[in-house]
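In what follows, a structure is listed as structure tokens, so that the remarks can point back to it.
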Amino acid sequence: MTNPGSEGLAFILVADPTLPEGNDGQWLGIVNASTNEFSRVVAVEFDTRQRLQSYPEDLEDLHVGLDVNSIYSIEQVSLRDYGITLANIASSNDTWARVEYDGENIKMVYVGLSASISNYIELNCVKSWEFDVEDIDEGIELLWVWITVPAMLIVIISGIVFYYFWERKHREQLEDAYPRIEDQIRGSSMAPRKFKLRELRSIFMSDSVGWGGDDAGGWG
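Here it is in structure tokens:
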């Protein structure tokens, strides 16, 4: 480790995990001179070196900063004010930090730790870290709703269409198996007889049918 040390360490939330070129030194491995202030990134940096030339507002060499879309912190807090010193070669003290994010939910985010070196070198040692998320299942439950509801509608509509055609085919089969009453009567030996017009004319013109008041029949 050189004296002074390098840039420090940052806990980051990024939308794109691709590392830009030229992200060494003051850029903490997160952005570069072109993407700084334009990247979708949230970082909590544990700064160990003051950079007054590039960022005059840099608080001091030992502070915590909140970075949004840039490595230039929008909020800074001195660690010395709280009696905190980051471990170095001469010290074996461990530093524990808790970062809590309660901002806008992001559909897809990558979480990790980032650091960089330039002409100065330091060793960043993370013994352990833990990442907890609350209500992460809410989005998954909504996704299942959007999947399940359309699927159920498709099944219901398909069932209605299937039942319609099945009932129609079943009705046609019943009609074929059980002919209509008219067809049954027509095929019976007791069915009324149908006469042609010529046959009816012949019957009424004969003496078999009498009109008038003569008991013997005839035309009267």
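For the sequence shown, counting from 1, position 118 maps to 118 in UniProt numbering; every step adds exactly one.
Beta carbons are placed, not taken as given, at the ideal position from N, Cα and C, and that holds for glycine.
Inter-residue Cα distance where the pair is residue i and residue j
i           : j           : result
residue 98  : residue 19  : 25 Å
residue 66  : residue 148 : 41 Å
residue 96  : residue 53  : 30 Å
residue 86  : residue 128 : 16 Å
residue 6   : residue 23  : 14 Å
residue 51  : residue 12  : 20 Å
residue 42  : residue 68  : 5 Å
residue 83  : residue 76  : 16 Å
residue 102 : residue 134 : 10 Å
Chain-order list of residues whose beta-carbon lies under 8 Å from that of residue i (same chain, five-residue window excluded)
i           : result
residue 78  : 59, 60, 62, 63
residue 108 : 15
residue 164 : none
residue 200 : none
residue 115 : 6, 7, 8, 9, 10, 28, 29, 124
Residue i - partner residues in DSSP beta bridges
i           : result
residue 103 : Beta-bridge pairing links residue 103 to no other residue.
residue 131 : In DSSP, residue 131 forms no bridge with anything.
residue 8   : 47
residue 110 : 14
residue 81  : Its beta-bridge partners do not exist; DSSP assigns none.
residue 67  : 43
residue 115 : 9
residue 75  : 66
Burial state of residue i, where buried means 16 or more other Cβ atoms lie within 10 Å
i           : result
residue 119 : exposed
residue 130 : exposed
residue 44  : buried
residue 162 : exposed
residue 28  : buried
7 Å CB neighbourhood of residue i in its chain, flanking five on each side removed
i           : result
residue 152 : none
residue 21  : 32
residue 202 : none
Residue i in three-state terms, based on DSSP
i           : result
residue 22  : coil
residue 149 : helix
residue 197 : helix
residue 159 : helix
residue 57  : coil
residue 202 : helix
residue 37  : coil
residue 172 : helix
residue 154 : helix
Contact set for residue i: own chain, Cβ-Cβ below 6 Å, skip 5 residues either direction
i           : result
residue 157 : none
residue 70  : 36, 37
residue 72  : 55
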